[in-house]
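Step one of this worksheet: look at the structure below.
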Amino acid sequence: MAKNKLVSPFVKWVGGKRQLMDSIMEAMPKNISNYTYVEPFVGGGAVLFHIQPGNAIINDFNSELINVYRVVKENPEELVADLKKHKNESDYFYAIRQLDRGEDFEKTDKVKRASRLIYLNKTCYNGLYRVNNAGEFNSPFGRYKNPNIVNEPVLRAVSSYLNSNNVQICNTDYDDILKNLDKNSFVYLDPPYHPVSESSSFTGYVQGGWNMFDQVRLREACDDLTIRGVKFLLSNSASSFIIDQYRAYNTSIVKAIRSINSDGERRGEVNEVLIRNYE
Ligand SMILES: C[S@@+](CC[C@H](N)C(=O)[O-])C[C@H]1O[C@@H](n2cnc3c(N)ncnc32)[C@H](O)[C@@H]1O
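Mapping to the numbering used here: the sequence shown position 134 is 123, numbers consecutive.
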């Protein structure tokens, strides 16, 4: 079935894979549509929406993000209507940002919470979804002239894709997804990257961030997938630590441009790795 180009990421996400898409697709098995496609670190979903698989399991530990996927699927028109109410003004932005500090935030209507995340993502500095150690969103106002807060064609196209295909939307630790998979699954893993330097170490996706032990835990989960005959492709930074961790696997170095970095000086070309357990 022809792919719908409008089916694309509805949030800007650190680590989005649009740039690496050609290299990632080249490294994927040719018969990818024969598998259940599994993406345990889905983020903005660049690879998922590029492939548009009929059978998929997507997951992210960030419950606010996964709430948006579910609302886009189930309540697209209410979401569009609520997004139209937002204002691109500094005071209004900080009032909306402040909402997750409240005790009852979890009880807030799911459509309003999804609308809040998309609004903050489109109007915050550099589109950087970042949380502090309390798990609260803390990026500053972006002062953009004309942010694209309500992208109706994309939201409706993604909603129709999620409703007309078998896509399970999960919100848990990646290992809960991996441990139940069999050979009919193909896994694309795009975890928070291991830092190659202080300034490039963005792990502020989730409360507490990621460290070396988290990277080792993931490598051990990949070893387990390999023992069970489940194919995986993983992307990460080309740090010597990561290359050493995955020395038993096929590794290719690819180049990417870093566009999201709090320090403008540090944006530019970096090496990344694509690691797989198949030829
Ligand atoms: C590099 S981003 C993925 C970017 C994605 N490929 C894209 O195109 O936007 C990594 C994602 O992993 C999620 N994450 C962090 N820790 C996790 C965990 N333990 N289990 C599942 N997801 C996790 C983060 O919330 C973040 O969205």
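Yeah, the Cβ is synthetic: ideal placement off N, Cα and C, and Gly gets one too.
How many Å lie between residue i and residue j at the Cα?
i: V61; j: A35; result: 16 Å
i: A123; j: A(-9); result: 43 Å
i: G91; j: K6; result: 33 Å
i: V274; j: M17; result: As displayed, the chain neither begins before -10 nor continues past 268, which places residue 274 out of reach and without an answer.
i: F130; j: N23; result: 44 Å
i: V219; j: Y182; result: 22 Å
i: A227; j: D171; result: 29 Å
i: N42; j: T112; result: For clarity, residue 42 is Pro in the given sequence; the question names Asn instead. Between P42 and T112, the C-alpha separation is close to 31 Å.
i: N169; j: I264; result: 21 Å
i: F(-1); j: F221; result: 26 Å
i: N152; j: E53; result: 20 Å
i: V100; j: V57; result: 8 Å
i: F50; j: E268; result: 30 Å
i: W199; j: V31; result: 16 Å
i: A96; j: Y81; result: Looking at the sequence provided, one finds Lys at residue 96 rather than Ala. Those two C-alpha atoms are separated by around 21 Å.
i: N121; j: S128; result: 9 Å
i: I55; j: R105; result: 13 Å
i: H75; j: F126; result: 17 Å
By the 10 Å Cβ neighbour count, where 16 or more other Cβ atoms means buried, how is residue i classified, buried or exposed?
i: S251; result: Legend: pLDDT at S251 = 49, less than 50; position of this residue unreliable, no value from coordinates given.
i: N135; result: exposed
i: E258; result: exposed
i: Y114; result: exposed
i: S79; result: exposed
i: G116; result: buried
i: Y235; result: buried
i: P65; result: buried
i: R132; result: exposed
i: R86; result: buried
i: R217; result: exposed
i: D164; result: exposed
i: I242; result: exposed
i: I138; result: buried
i: D71; result: buried
i: E209; result: exposed
i: P180; result: buried
May I ask you to check if the CB of residue i is nearer than 7 Å to at least one heavy atom of ligand 1?
i: K6; result: yes
i: N51; result: yes
i: A35; result: yes
i: L54; result: yes
i: D284; result: Missing from the structure shown is residue 284; the chain here goes from -10 to 268 and no further.
i: G116; result: no
i: V31; result: yes
i: N169; result: no
i: N48; result: yes
i: Y58; result: no
i: D89; result: no
i: P136; result: no
i: D71; result: no
i: P180; result: yes
i: D213; result: no
i: Y163; result: yes
Is the shortest distance between the beta-carbon of residue i and the beta-carbons of chain D less than 8 Å?
i: Y235; result: The structure shown contains no chain D, having only a single protein chain.
Requested in this report: Quick one: which unbroken beta strand (DSSP E) runs of 3-plus residues sit fully inside the segment 25 to 77? Chain order, please.
Outcome: 25 to 28, 44 to 48
Query raised in the report: Unbroken beta strand (DSSP E) runs of length 3 or more, entirely within the segment 208 to 254: which are they?
Result: 220 to 226, 239 to 247
Query raised in the report: Residue ranges of each beta strand (DSSP E) run of no fewer than 3 residues wholly in the segment 115 to 176, ordered along the chain?
Result: 155 to 159
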